[in-house]
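Presented below is the structure to which this report refers.
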Amino acid sequence: MSFFKKLKEKITGTTETVTVTEKFKDGLSKTRNSFTSKVNDLVARFREVDEEFFEELEELLLQADVGVETVMELVDQLRWEVQRKNIKNTDGIQSLISEKLVEIYKAGEELDTELNMQDGLTVILMVGVNGVGKTTTIGKMAARLKEEGKTVMLAAGDTFRAGAIDQLVVWGERVGVEVIKQSEGSDPAAVMYDAIRAAKNRNVDVLICDTAGRLQNKVNLMNELEKVHRVIGKEVEGAPHEVLLALDATTGQNAMIQAQTFKEATNVTGIVLTKLDGTAKGGIVLAIRNKLDIPVKFVGLGEGMDDLQPFDPEKYVYGLFADGLEKEAEQ
Numbered sequence: 001m002s003f004f005k006k007l008k009e010k011i012t013g014t015t016e017t018v019t020v021t022e023k024f025k026d027g028l029s030k031t032r033n034s035f036t037s038k039v040n041d042l043v044a045r046f047r048e049v050d051e052e053f054f055e056e057l058e059e060l061l062l063q064a065d066v067g068v069e070t071v072m073e074l075v076d077q078l079r080w081e082v083q084r085k086n087i088k089n090t091d092g093i094q095s096l097i098s099e100k101l102v103e104i105y106k107a108g109e110e111l112d113t114e115l116n117m118q119d120g121l122t123v124i125l126m127v128g129v130n131g132v133g134k135t136t137t138i139g140k141m142a143a144r145l146k147e148e149g150k151t152v153m154l155a156a157g158d159t160f161r162a163g164a165i166d167q168l169v170v171w172g173e174r175v176g177v178e179v180i181k182q183s184e185g186s187d188p189a190a191v192m193y194d195a196i197r198a199a200k201n202r203n204v205d206v207l208i209c210d211t212a213g214r215l216q217n218k219v220n221l222m223n224e225l226e227k228v229h230r231v232i233g234k235e236v237e238g239a240p241h242e243v244l245l246a247l248d249a250t251t252g253q254n255a256m257i258q259a260q261t262f263k264e265a266t267n268v269t270g271i272v273l274t275k276l277d278g279t280a281k282g283g284i285v286l287a288i289r290n291k292l293d294i295p296v297k298f299v300g301l302g303e304g305m306d307d308l309q310p311f312d313p314e315k316y317v318y319g320l321f322a323d324g325l326e327k328e329a330e331q
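When the sequence shown is numbered by the UniProt record's numbering, its final residue is 331 and no position is left out of the sequence of numbers.
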């Protein structure tokens, strides 16, 4: 049985799984229409798997922002597999590519994509530059956790950007969770202190803390982030239990630069990759995994409240190759 058929069986077991799988398929349609259609054209032009085929495949993967190191690793593995299995033509090559992509994402140290939930109060710190969809992500995450039966509170720690507090308050009202805030321009660390005290008093399960859109070239803002981190740690043992970095998938390699900078400033435990549905360069997921060793924990696959989904490498690869996968699975 080919990898495509095994994958199809694995990710379409229950109604819920099918729904989530379809979200990945729809959310990755721009990347799939760009990347996979070019792979199809490549396969159609090259009936034989030769060096020229691999060179053009490398170019396609780089255009999808998979990342140089990841592309080189993938193509080397494909060359070895083609030689080992004595593969002469391009039939089934997409299945082999998708299999290697999943293997590369899962290779090395096992990355935990689950949120680090505590028995008592769990504190999640959300960081990222302005414009990446951080506040919207917080709202959608709050809705998701509330649906799971958790009590949730939000802390409006982005006190510098005009309208940021009001935006979070609107999300709080929409989801039905309390927002702890102070006036614009207040000390973000003081907001966090108040929010933690309030969360403890109300026996809240999860406190999600918004932070300012800290531009990576402004050292004072990074220092402020470190200060917030310290205040939270003093008030709750082991907190923040998650530091989630929101990255805009449409910015491609610039998102990698942001990730590296934030990783130096605070202990980033996971990535939330927003607007994945808005880019044809969805390969950035693999580049982040290979270059930074930080798990992608959530991806934004659309505008809907339930379009923030836990990341799953197999559903992701399915989203990239859905058309070819379904065609092969029917044969």
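Every residue gets a Cβ at the ideal spot worked out from N, C-alpha and C, and that includes glycine.
Taking the continuous alpha helix (DSSP H) assigned at Thr70, which residues delimit it?
Unbroken alpha helix (DSSP H) run through Thr70: Val68 to Arg84.
Should Trp80 be labelled buried (16 or more other beta-carbon atoms within 10 Å of its own) or exposed?
So Trp80 counts as exposed.
Could you give the C-beta distance for residue 343 and Val75, rounded to a whole number, given that I count them as a contact under 8 Å?
Only positions 1 to 331 of the chain appear in this structure, which leaves residue 343 out of reach.
Tell me Ile294's beta-bridge partners as DSSP assigns them.
Per DSSP, none; premise fails for Ile294.
Using a Cβ distance threshold of 8 Å, determine whether the stretch 24-43 contacts the stretch 254-267, with at least three qualifying pairs required.
The stretch 24-43 is not in contact with the stretch 254-267.
Within the continuous alpha helix (DSSP H) that includes Glu55, where are the two ends?
Counting along the chain, the alpha helix (DSSP H) containing Glu55 begins and ends at Glu51 to Gln63.
Alpha carbon to alpha carbon, how far is Asp293 from Gly282?
Computed Cα separation, rounded: 17 Å.
Ignore the nearest five residues each way along the sequence and tell me which others in Phe321's own chain have a CB closer than 7 Å to its CB.
Once the five neighbours on either side are set aside, the close Cβ partners of Phe321 are Thr36, Gln94 and Ser98.
Which same chain residues end up closer than 8 Å to Leu60 when comparing Cβ atoms and leaving out the 5 residues on each side of it in sequence?
Once the five neighbours on either side are set aside, the close Cβ partners of Leu60 are Phe35, Lys38, Val39 and Leu42.
Ordered along the chain, which non-local residues of its own chain (more than five positions away) have a Cβ less than 8 Å from that of Val175?
Once the five neighbours on either side are set aside, the close Cβ partners of Val175 are Gly139, Ala142, Ala143, Lys146 and Val152.
Taking Ile196 as the reference, which of Glu173, Glu178, Val228 and Ile232 has the closest Cα?
Measuring from the Cα of Ile196, the nearest candidate turns out to be Ile232.
Assuming Ile271 and Leu245 make a contact with CB atoms under 8 Å, what is their CB distance in whole Å?
The Cβ separation is near 5 Å, so the contact holds.
When the Cα of Tyr193 is compared with those of Gly92, Glu184 and Gly157, which residue comes out closest?
Nearest of Gly92, Glu184 and Gly157 to Tyr193, Cα basis: Gly157.
Can you list, in chain order, the residues of its chain whose CB lies under 6 Å from that of Ala44, leaving out five sequence neighbours each side?
Once the five neighbours on either side are set aside, Ala44 has no close Cβ partner at all.
Would you mind sorting Arg84 into buried or exposed? The rule is 16 or more other CB atoms within 10 Å of its CB.
By the 10 Å Cβ count, Arg84 comes out exposed.
Per DSSP, which residues does Pro310 bridge with? Please list them.
For Pro310, which the question treats as bridged, DSSP gives the partners Phe298.
Sorted by chain position, which residues of the same chain lie with C-beta nearer than 6 Å to Ser186's C-beta, five sequence neighbours on each side aside?
If we look at Ser186 and ignore the five residues flanking it on each side, its Cβ neighbours are Thr159.
Measuring alpha carbon to alpha carbon, tell me which of Val170, Gln309 and Glu114 ends up nearest Pro295.
Looking at the Cα atoms, Glu114 is the closest of the given residues.
To the nearest angstrom, how far is the alpha carbon of Arg47 from that of Leu78?
Rounded to whole angstroms, Arg47 to Leu78 spans 16 Å at the Cα level.
Run the CB neighbour count on Asn86, radius 10 Å, all protein chains shown included, and call it buried at 16 or more, exposed below.
Per the 10 Å Cβ criterion, exposed.
Name the two residues that bound the continuous beta strand (DSSP E) containing Ala212.
It is not in any beta strand (DSSP E) - Ala212 carries neither H nor E in the DSSP assignment.
What residue range is occupied by the uninterrupted alpha helix (DSSP H) comprising Asp41?
Counting along the chain, the alpha helix (DSSP H) containing Asp41 begins and ends at Ser37 to Arg45.
Identify every residue that forms a DSSP beta bridge with Thr274.
In DSSP, Thr274 forms a bridge with Asp248.
Excluding the 5 residues flanking Val68 on each side, which residues of the same chain have their C-beta closer than 8 Å to its C-beta?
Closer than 8 Å at Cβ, skipping near neighbours: Leu62.
With respect to the alpha helix (DSSP H) encompassing Thr135, which residues constitute its N-terminal and C-terminal limits?
Its alpha helix (DSSP H) spans residues Lys134 to Glu147.
According to the Cβ coordinates, are Gly300 and Lys275 closer than 8 Å?
In this structure, Lys275 lies closer than 8 Å to Gly300 by Cβ.
Just to confirm the assignment, what range does the alpha helix (DSSP H) spanning Glu99 have?
Glu99 -> alpha helix (DSSP H) spans Ile93 to Lys106.
Go through its chain and collect everything with a Cβ distance to Lys200's Cβ below 7 Å, but skip five positions before and after it.
Cβ within range, chain order: Leu121.
How many angstroms separate the CA atom of Thr137 from the CA atom of Gly92?
Distance between the alpha carbons of Thr137 and Gly92 is about 38 Å.
Expressed to the nearest angstrom, what Euclidean distance is found between the alpha-carbon atoms of Gln216 and Val268?
Annotation note: pLDDT 47 at Gln216 (below 50); position unreliable, no value reported.
Could you have a look at Glu264 and say whether DSSP puts it in helix, strand or coil?
Helix, per DSSP.
Could you give the distance in angstroms between the alpha-carbon of Thr19 and the alpha-carbon of Val179?
The alpha-carbon atoms of Thr19 and Val179 are separated by roughly 31 Å.
Taking DSSP as the reference, what is the three-state secondary structure of Glu235?
Residue state, collapsed to three classes: helix.
Compute the distance between the beta-carbons of Gly238 and Asp26, then report whether it is under 8 Å.
Not a contact, by the Cβ cut-off of 8 Å.
Quick one: what does DSSP say Asn203 is sitting in, helix, strand or coil?
It is coil, neither helix nor strand.
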